[in-house]
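Residue numbers (our numbering), protein chains in the order written: chain A, 362 to 685; chain B, 17 to 355.
Every residue gets a Cβ at the ideal spot worked out from N, C-alpha and C, and that includes glycine.
Computed from a prediction, not measured in an experiment: that's the story for all the values here.
Taking it in order: structure first as structure tokens, then the write-up.
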Amino acid sequence: MADETPHADAWSATVAQMQQEMLQHWLKWSAAPANASGPFEWWPKLGATAASALPPSFQQFGPAWELYFSLGRALLQDFGGGEAKAADLASRAQSFAAVMDTWFEQLGSQLGQLPNFRVPPDPQQWWQSLMHAPGAPASAAPNSAPTDFAALGLTRERQEAWQKFARLLTQYQEVQAKLARQWIKIGAETTKKFAARVSAAGSGAPGASIESIKALYDLWIECAEEAYGGVAHSPEYCQLIAELANSSHAVRAEQQRELESWARQFDLPTRAEVNALHQQVKQLRAQLRPQPRPSTSPPPPPKAKAKAETKKKRAMGRRPRARK
Amino acid sequence: MLEFARRLSATLTGLGGAATARPGCSRKQLVWSEDKVTLYRYEPLTRPAGITPILICYALVNRPYMMDLQVDRSLIRGFLGAGLDVYLIDWGYPDGADRFNDLDDYIRGYLHRCVQYLLDTHQITAVNLLGVCQGGTFSLCYTALYPERVKNLITMVTPVDFKTPENLLSKWVQGLDLNLLVQGGNVSGDCLNGIYLSLMPFRLTQQKYVDMVQGSADQRQLENFMRMERWIFDSPDQAAEALRQFIQWFYQENGLLNGTVMLGGHRVDLRRIVQPVLNIYASKDHLVPPSASVPLARLVGTADYTALAVDVGHIGMYVSARAQREVPRKIAAWLRERE
């Protein structure tokens, strides 16, 4: 059942593989060289001692990290009066940006392969795979069930509830994927800005010098916030944020409905019942103690007139000093 | 590497010791309470200045101890030092029993009864009302409905125009389906925290902590940091109905500006605010941008309107050295002139 489309679980499988590899190699990573003399020595030495331990799916991060740390090394050499030249710094920054760009592109294309994000459920295909998939576990069926089958029979309402839940979950995932693409855009834009500014610093542009590693980090954050601000204010992103909230609330509401249904089976109090009681209490309290009526004075005059009246009021309104 | 590790280790050790630093420094007494709402009166620090008592109406979305975080970061201490008689409303932590509390309950209910307590206790007919952030919005509504009960109104980092171009939070909530939102009950403080962090995610989730490690490992500074950290993440859950109304009426409909807010069937008309108004805003505020506060000038009916811009951010209004120097002194002087 899980293989009903050729790349249905490509993304999940990749993530799972990465997690597994990370776990398997974490202990080896922990045995990283203790004799690294600076933060920028750590990565290459780690690479040298644990090259074989690097998970395959993390290989693509290697060049990016190496270039990022080489930027730091170049800066350190600059501070220490080393031989690093400005042009060297700029070229490292550009190489870093290029590698990161490639990585973001790859990430973007992988997101396009997420299950259910592009292809609507095909009942015929689902039915065929259900009937013919060799060795498919029975429990796999409900997870892969399409969301637009007509619900029939004794469990009709349950089927409808699950279909609705599946639809909502799919919508939520779709919005998440769209948002992830926005974040890829933010990442790419950040890298571009960062590389440009590091290059400017390398070329000795006035006011662009980077004085310390911390300044390099602060520059990275500044670029990230700028890139994020540009995207976060866009109508598209704002709409996605609202959609994400709405779809997650819809999923939650459906889950809650399901839980309440179970609670009723066991004669447990449900939130709906508690809500009804709270509303009754609120109504009773309102009857017992009505809210005060506000001032019924006529609408105020224009400001110039108000000034005179305010002065008059203040003159008349002197009251005994507050008791302490 | 070694230096960084040493600094990180020192910071982590220091933070362990600073974790017990408690916020709050001024002595106060509980004088009134109802449900989860509490009214406190602060004990005087100096000779009374003979000014009408001031009632501080804080926001629902954060805890009010930010006004009195520690001895050298306390606006309340500044007020007390100026001889003011200070009261503070603590809205508490709403739970499931409060999910149907609406803005009318908060403004014409709890806030009104707190004002009534001061009127009865001091035998006066009007109080000085200081509204902070969302509490400022509440104070504006209250004053517009009951102008005779407010002698002077002070608003601090208070949004009035909720749809200005810089207001990212406002842009995000325009498309929210609020009926779906409240169907799930109260909105958790964690959810709100996540939203606040996502306004400046890289600064607030990374750089802030790197700066902390990079900075001095002085124990006092770490304690300051921990108090702030505690406050930032100590966000109460929001009563579902009140939050729904707040987002819909203020953020989506911009009701304060358009005059469409109705509380208990009564229209909130800011032109009814004819008493003196002091509007204090932070010029670097990313939560309530100056452009959100400044329009108050043309909306209120008073001719005695003063605006005060302080060159700090939203949080800096409560804790920065500049705000500590300027704000309590100016408020006290402004009130004294109008006593």
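To which residues of the same chain is residue i closer than 7 Å at the C-beta, ignoring the five residues directly before and after it?
i                      : result
residue 465 of chain A : 545, 548 and 549
residue 539 of chain A : 601
residue 261 of chain B : 118 and 119
residue 175 of chain B : 153, 304, 308 and 309
residue 184 of chain B : 215
residue 220 of chain B : 213
residue 160 of chain B : 284, 285, 286, 288 and 289
residue 593 of chain A : none
residue 195 of chain B : none
Anything in chain B within Cβ reach of residue i, meaning under 8 Å, just list it in chain order.
i                      : result
residue 579 of chain A : 223
residue 656 of chain A : 161, 162, 163, 164 and 288
residue 582 of chain A : 218, 219, 222 and 223
Mind checking residue i: buried by the 16 CB within 10 Å criterion, or exposed?
i                      : result
residue 181 of chain B : exposed
residue 86 of chain B  : buried
residue 599 of chain A : buried
residue 21 of chain B  : exposed
residue 206 of chain B : exposed
residue 597 of chain A : exposed
residue 270 of chain B : buried
residue 24 of chain B  : exposed
residue 651 of chain A : exposed
residue 236 of chain B : exposed
residue 30 of chain B  : buried
residue 178 of chain B : buried
residue 90 of chain B  : buried
Is the beta carbon of residue i less than 7 Å from the beta carbon of residue j?
i                      : j                      : result
residue 152 of chain B : residue 74 of chain B  : no
residue 173 of chain B : residue 313 of chain B : no
residue 532 of chain A : residue 608 of chain A : yes
residue 168 of chain B : residue 292 of chain B : yes
residue 54 of chain B  : residue 46 of chain B  : yes
residue 242 of chain B : residue 26 of chain B  : no
residue 294 of chain B : residue 350 of chain B : yes
residue 104 of chain B : residue 56 of chain B  : yes
residue 123 of chain B : residue 149 of chain B : no
residue 585 of chain A : residue 552 of chain A : no
residue 615 of chain A : residue 529 of chain A : yes
residue 263 of chain B : residue 198 of chain B : no
residue 186 of chain B : residue 267 of chain B : yes
residue 92 of chain B  : residue 355 of chain B : no
residue 454 of chain A : residue 556 of chain A : yes
residue 128 of chain B : residue 653 of chain A : yes
residue 126 of chain B : residue 48 of chain B  : no
residue 606 of chain A : residue 192 of chain B : yes
residue 582 of chain A : residue 230 of chain B : no
Please list the partners that residue i has in chain B, where partner means a Cβ-to-Cβ separation under 9 Å.
i                      : result
residue 542 of chain A : In chain order: nothing, as chain B lies at least about 17 Å away.
residue 640 of chain A : 116
Mind pulling the chain A residues with CB within less than 7 Å of residue i?
i                      : result
residue 188 of chain B : 599, 602 and 603
Strictly below 7 Å CB to CB, what residues from chain B border residue i?
i                      : result
residue 652 of chain A : 120, 124, 125 and 280
residue 521 of chain A : Those within 7 Å of residue 521 of chain A in chain B number zero; the least Cβ separation is about 19 Å.
residue 586 of chain A : 216, 218 and 219
residue 575 of chain A : 230
residue 593 of chain A : 184
Against residue i, what residues of chain A qualify as contacts under a CB-to-CB distance less than 8 Å, listed in chain order?
i                      : result
residue 310 of chain B : Within chain A, no residue comes near residue 310 of chain B; the closest Cβ sits about 17 Å away, beyond 8 Å.
residue 200 of chain B : 610, 613, 614 and 617
Given residue i, which residues of its chain have a CB within under 6 Å of its CB, disregarding the five upstream and five downstream residues?
i                      : result
residue 512 of chain A : 520 and 521
residue 82 of chain B  : 247 and 334
residue 146 of chain B : 70, 72 and 170
residue 277 of chain B : 265, 271 and 284
residue 575 of chain A : none
Which residues in the same chain have their Cβ closer than 8 Å to the Cβ of residue i, if we skip the five residues on either side of it in sequence?
i                      : result
residue 65 of chain B  : 98, 99, 100, 348 and 352
residue 621 of chain A : 631, 632 and 633
residue 208 of chain B : 77, 251 and 254
residue 639 of chain A : none
residue 102 of chain B : 57, 58, 69, 70, 72, 92, 95 and 96
residue 617 of chain A : 632
Which chain A residues sit within Cβ distance under 9 Å of residue i?
i                      : result
residue 193 of chain B : 603, 606, 607, 610 and 611
Answer yes or no: the CB of residue i versus the heavy atoms of the ligand ZN, is any distance below 6 Å?
i                      : result
residue 144 of chain B : The model depicted lacks the ligand ZN and carries no ligand whatsoever.
Is the region 33–47 of chain B touching the region 326–344 of chain B in the sense that three or more CB pairs, one from each, lie closer than 8 Å?
-> no
Cβ contact (3+ pairs, closer than 8 Å) linking the region 99–113 of chain B and the region 32–39 of chain B | no
Taking three-plus beta-carbon pairs below 8 Å as touching, is the region 247–261 of chain B in contact with the region 202–218 of chain B?
-> yes
Are three or more beta carbon pairs between the region 158–167 of chain B and the region 138–148 of chain B nearer than 8 Å?
-> yes
Report yes or no: do the region 244–252 of chain B and the region 280–292 of chain B share at least 3 C-beta pairs separated by less than 8 Å?
-> no
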